[in-house]
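If you read the sequence shown in the numbering used here, its first letter stands for residue 30, the second for the next number, and so on. A virtual CB, placed ideally from N, CA and C, is assigned to each residue, including glycine. From a predicted model like this one, the values you see are computed outputs, not experimental measurements.
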Amino acid sequence: MFKKKIFLFLMIVAVSVSLLSSVSFTNQEEDISGSFAVRASIDSTNSSTDIVRTVASIKVEALTDSIALSVEKEVDRASKDIYAAYLKAEEERKTAEEAARQAEAASIVKEEARKAESKAGSGSSGGPGLSGIEAEILHLINSTRAQHGLSQLVLDQSLINIARARCHCMISNNYFSHYAPDGSTFFNLLRNNGISWTNAGENLGNATPANYGTPGAFLNAWMKSPSHRDNMLRSNYRMVGVGIIDGGGRRVVTTIFLN
30 MFKKKIFLFL
40 MIVAVSVSLL
50 SSVSFTNQEE
60 DISGSFAVRA
70 SIDSTNSSTD
80 IVRTVASIKV
90 EALTDSIALS
100 VEKEVDRASK
110 DIYAAYLKAE
120 EERKTAEEAA
130 RQAEAASIVK
140 EEARKAESKA
150 GSGSSGGPGL
160 SGIEAEILHL
170 INSTRAQHGL
180 SQLVLDQSLI
190 NIARARCHCM
200 ISNNYFSHYA
210 PDGSTFFNLL
220 RNNGISWTNA
230 GENLGNATPA
240 NYGTPGAFLN
250 AWMKSPSHRD
260 NMLRSNYRMV
270 GVGIIDGGGR
280 RVVTTIFLN
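Right under this line is the structure:
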C-alpha cells in the first residue's frame, strides 16, 4: 500500500515536471518568435530607408546633370553672342581705319597739288608742278622712249600728286612696296581721285642714302628690270606723273603711267 502511494507521488511529480518543461519551452519559443519578428521588422525598416535614400540620390544626380546641361547651353550661347559682337566691332574698326586712310591719302594728294601749283606759279624749273630732279627723271624717260621710236609722255598734275602721295606714304610708314600696309595700291588712289583708265603702271625706286638716288641711277635700274622697262616703253601710255620725296635718310621715287 505504501509502495503504491510512493509510485503515485512520483507519477504526479513527473507529470508536473513535464508540464513545467512544456510551459518553459513554449515561453522560450514565443520569446524567440517575438525576437525574430522584431528583428525582421527592423531589417525591413532599414531596407526601405536605403531604397528611399538611393532613389533620392538618383533624383539629385539627374537634377544636377540637368542643371549642368542647361548652364553649358547658356554659356555656349553667350560665347557665340560675344564672338559675333567681336566680329562686328572688328569689321567696324577696319571700315573706320580704311576710311581714315583714304581721307589721309586724299588730303596728301590735295596738299601736293597745292605745292605743285605754288611751284608752277613761282616759275620753278622743270615745268608745271615738277621739281628739278623730277623733271630730269621725266626727261630721261622721254629720251629713252624717243630712242625706241615712241611718243613723248605728257605730264598730268593729278598723276604727279598721286605719285608724291605714294612716296610720302612709303617714307612715313617706313616701307617700300607697290602695296601699302593696308593692302591698297596706286589704283585705289586713282579711283579715289576720279581718274579712269584702260591701262596703268607704276615704277618705284628707293635709294639709301638719299644722294645715291640720282635720276640716272633710277633709270638704269628700271631698264634692267623687265616689268619696269615695259612700263617706260609701252606704246599706248600717253600720260605720266613723277614724284620724289626724301626722308629718313633715303629717297623714294614713284612714276605713274596712264593711257
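- If you draw a 10 Å sphere on the C-beta of Y208, you find fewer than 16 other C-beta atoms in it, and that means exposed.
- With contacts defined as CB atoms closer than 8 Å, L262 and L188 fail to qualify as a contacting pair.
- In the same chain as I273, and ignoring 5 residues on each side of it, the C-beta atoms closer than 6 Å to its own belong to I162, E163, V282, in chain order.
- Assignment of L182 by DSSP, reduced to helix, strand and coil, places it in the coil class.
- Minimum Cα-Cα distance from G276 among the listed residues L219, N203, G245 corresponds to N203.
- L98 and I200 have their alpha carbons spaced roughly 57 Å apart.
- For T243, the secondary structure class from DSSP, reduced to helix, strand or coil, is coil.
- Here the alpha carbons of E121 and K109 stand approximately 18 Å from one another.
- Just measuring C-alpha positions, the residue of I166, R106, G223, V271 sitting nearest F247 is I166.
- With contacts defined by Cβ atoms closer than 8 Å, I191 and I285 form a contacting pair.
- A direct Cα-Cα distance of roughly 10 Å separates E101 from A107.
- Beta-bridge pairing by DSSP links A236 to R280.
- Pairing V104 with G223, the inter-Cα distance amounts to about 50 Å.
- Nearest Cα to R280 within the set H257, S254, N235: N235.
- Following the DSSP letters along the chain, one finds F215 inside the alpha helix (DSSP H) bounded by residues 215 to 221.
- Taking a cut-off of 8 Å for Cβ pairs, the stretch 213 to 230 and the stretch 239 to 246 do not touch, as fewer than three such pairs fall below it.
- For F286, DSSP records a beta bridge to G230, V269.
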